[in-house]
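1 is the number of the first residue of the sequence shown in UniProt numbering; add one for each residue after it. Report on the following structure.
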Amino acid sequence: MPVLVAAGLGGLVLVALLGSLLGVCTTLGGRATSACHSTPGHAAASIPPAYLTLYVKAAAAYGVPWNVLAAVGDAESNHGQGTGPGIHSGTNAMGAAGPMQFLLPTWASFGVDGDQDGHRDVYNPADAIYGAANYLHHNGAPTHLRQALFAYNHDPKYVHGVLAQAAAYARDAPTACTTLAQAVSGRAGVAVRAALAMLGTPYSWGGGTATGPSLGSGQGATTVGFDCSSLVQYAWHQAGTDIPRTTGQQWATLAHIPPGQTAPGDLVFFTGADGSAATPGHVGLVIGPDQMIEAPHTGATVRLSPIHTRTDLIGYARPGLPGVTP
């Protein structure tokens with residue numbers, strides 16, 4: 001149950017635990033890769049598919065691990081399947097409401113219209129889950145997960161239980177990855193799934209080719225991975241469509257798509273740290289409404305990110321169509 005005032009616990013979550021919660025596993029060579037490569041478990045099978053989809057989408061929108069959101073949903077209402085007071089109507093004895101058990105003053109501040117129907121309804125699973133992601137992000141997630149969860153419920157046992165359940169769900173990250181991409185068909189679907197399979201791969205400036213991660217140059221000379229443009233080039237190469245290597249070349253040669261007509265598999269371009277409106281400096285791959293997968297910067301790994309939080313958006317382009325002059 002989220003409380004109104006966040007408490008500061010300070011300190012980072014232990015690296016090993018955070019790795020588990022984010023669904024990271026280690027493969028040959030010691031490279032950290034996405035849990036899309038790990039062995040599926042069975043914990044996530046108990047999550048209703050509609051809720052699992054919402055956890056994954058809300059996680060991408062706010063940068064909060066999907067499995068942490070799922071663990072909160074389990075603790076608060078068994079993913080909306082509970083019969084306790086306040087879950088489907090009214091409030092419980094503490095004044096909490098909805099499947100994510102918001103106190104109403106907290107909901108007034110952090111509730112989200114997750115399904116974009118024009119209403120913020122604390123009993124609507126989409127709104128409640130997006131609201132929980134928003135509230136956890138506001139209080140420090142994903143970097144300070146313990147702090148964010150303690151703000152949600154001021155009980156150390158609650159925090160411990162949610163983290164333990166989240167770690168169990170992390171073993172089922174392939175289910176989440178499949179849920180996120182399964183509705184995308186054709187070559188775009190192949191590109192999306194190829195990019196998702198690279199979640200957790202290190203960013204390497206100048207690294208990556210159409211056939212996979214590679215050593216980069218300059219600050220990426222000792223790192224095997226992708227930079228932003230090589231990641232999207234790799235993803236579309238797996239789908240049988242070759243696109244240019246650099247962000248600027250991709251923007252200059254691919255067909256531009258109006259914002260209201262974007263679809264999974266499209267490329268989304270930003271000014272970035274060293275680009276301009278004419279020559280973008282950063283690119284990601286659209287995987288859903290307001291969601292992209294990107295290789296962001298040195299020191300980071302390939303990750304899911306919201307698009308709307310960027311203020312330097314330039315536009316979108318679609319591989320596989322004849323190039324056009326914008």
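Glycine included, each C-beta is placed from N, C-alpha and C at the ideal position. For clarity, every value in this text was computed on a predicted model and none was experimentally measured.
- In the DSSP annotation of this structure, the continuous segment of the alpha helix (DSSP H) that includes Gln233 starts and ends at 228–238.
- Nearest in C-alpha terms to Ala239, of all of Val190, Ala132, Ala58, is Val190.
- Runs of alpha helix (DSSP H) with 4 or more residues, each lying fully within the UniProt domain "NlpC/P60" (185–326), are found at 186–196, 228–238, 247–253, listed in chain order.
- Burial check for Ser185: the Cβ neighbour count within 10 Å stays below 16, so the residue is exposed.
- Taking each of Asn124, Asn139, Gly288 in turn and checking the Cα distance to Gly260, the smallest one comes out for Gly288.
- As the crow flies, the alpha-carbon of Leu145 is around 33 Å from that of Pro280.
- Rounded to the nearest whole angstrom, the C-alpha separation of Ile243 and Leu267 is 11 Å.
- With a threshold of 16 other beta carbon atoms within 10 Å, Gln116 falls short and is exposed.
- Linking Ser276 to Leu196 through their CA atoms gives a straight-line distance of about 28 Å.
- When Cys228, Ala252, Tyr316, Thr262 are compared, the shortest CA-CA separation from Ala273 is found for Cys228.
- In the pairwise beta carbon analysis, the stretch 133–145 is classified as touching the stretch 64–75: at least three pairs are separated by under 8 Å.
- For Gly248, same chain residues with a beta-carbon under 7 Å away, outside a window of 5 residues either side, are Thr279, Pro280 in chain order.
- Boundaries for Asp121: no alpha helix (DSSP H) harbours it, and the DSSP string shows neither H nor E there.
- DSSP places Ala59 in the helix class (H, G or I) of the three-state scheme.
- At a Cβ-Cβ threshold of 8 Å, Gly216 and Thr209 do not count as neighbours.
- Contact check for Tyr316 against His256 passes: the beta carbons are separated by less than 8 Å.
- Met100 is the residue among Gly86, Trp205, Met100, Gly84 whose C-alpha sits nearest the C-alpha of Ile129.
- Under the three-state reduction of DSSP output, Ala141 falls in the coil class, being neither helix nor strand.
- Around the beta carbon of Met94, a 10 Å sphere encloses fewer than 16 other beta carbons of the protein chains shown; the residue is thus reported as exposed.
- Ala93 sits in coil when the DSSP states are folded into three classes, being neither helix nor strand.
- With a contact defined as Cβ atoms closer than 8 Å, Leu313 and Phe270 qualify at about 6 Å.
- Ala263 is classed as exposed because its beta carbon has fewer than 16 other beta carbons within 10 Å across all chains shown.
- Each of Pro213, Lys57, Asn78, Ala58 was checked against the Cα of Ala43, and the nearest Cα belongs to Asn78.
- Between Ala252 and Val56, the alpha-carbon positions lie close to 33 Å from each other.
- Non-local C-beta neighbours of Ser305 in its own chain, meaning closer than 6 Å and more than five positions away in sequence, comprise Met292, Glu294, ordered along the chain.
- Ala166 is the residue among Ala166, Leu199, Gly206, Tyr234 whose C-alpha sits nearest the C-alpha of Ala70.
- Under the DSSP assignment, Val68 falls in the alpha helix (DSSP H) whose first and last residues are 66–77.
- About 14 Å separates the Cβ atoms of Gly320 and Val286, ruling out a contact at the 8 Å cut-off.
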